[in-house]
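Q:
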Amino acid sequence: MQRIFIFLIRGYQRFISPLFPPSCRYYPSCSSYTLEALKVHGGFKGLLMGIARILRCNPFFKGGIDYVPKHFSLRKNKVDKEKPQYK
135 MQRIFIFLIR GYQRFISPLF PPSCRYYPSC SSYTLEALKV HGGFKGLLMG
185 IARILRCNPF FKGGIDYVPK HFSLRKNKVD KEKPQYK
């Protein structure tokens, strides 16, 4: 399941995303965040984190730096100001 999601996101990054101007309010981009979340937290939790991140990516949220947290959370990572070392 995890591999399927990674394949789909990489396809989006390679073929669909370049057709549009950058619009993500966060760093790393929502698709890169979701890829990292899938790798760190597995298929189900990683996908939930990616969906939560995409839902936060709108004009009502400030945006900014938001790395994937070491521990599963659907909220913005306010603790890590630098990319955490996973495992």
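Under my numbering, the first residue of the sequence shown carries the number 135, and numbering increases by one thereafter. We treat Cβ as the ideally placed atom computed from N, Cα and C, and that holds for glycine.
Can you find the residues in the same chain that come closer than 7 Å, C-beta to C-beta, to Arg-190, ignoring five residues on each side of it along the sequence?
A: Lys-210
Q: Can you tell which of Ser-157, Leu-172, His-205 has its C-alpha closest to the C-alpha of Met-135?
A: Closest option to Met-135, Cα to Cα, is Leu-172.
Q: Could you have a look at Gly-223 and say whether DSSP puts it in helix, strand or coil?
A: Nothing in the structure corresponds to residue 223, since the chain is present only between 135 and 221.
Q: Using the C-alpha atoms, what's the distance from Phe-206 back to Phe-154?
A: Linking Phe-154 to Phe-206 through their CA atoms gives a straight-line distance of about 31 Å.
Q: Per DSSP, what kind of secondary structure is Tyr-161 in: helix, strand or coil?
A: If DSSP states are grouped into helix, strand and coil, Tyr-161 belongs with the strands.
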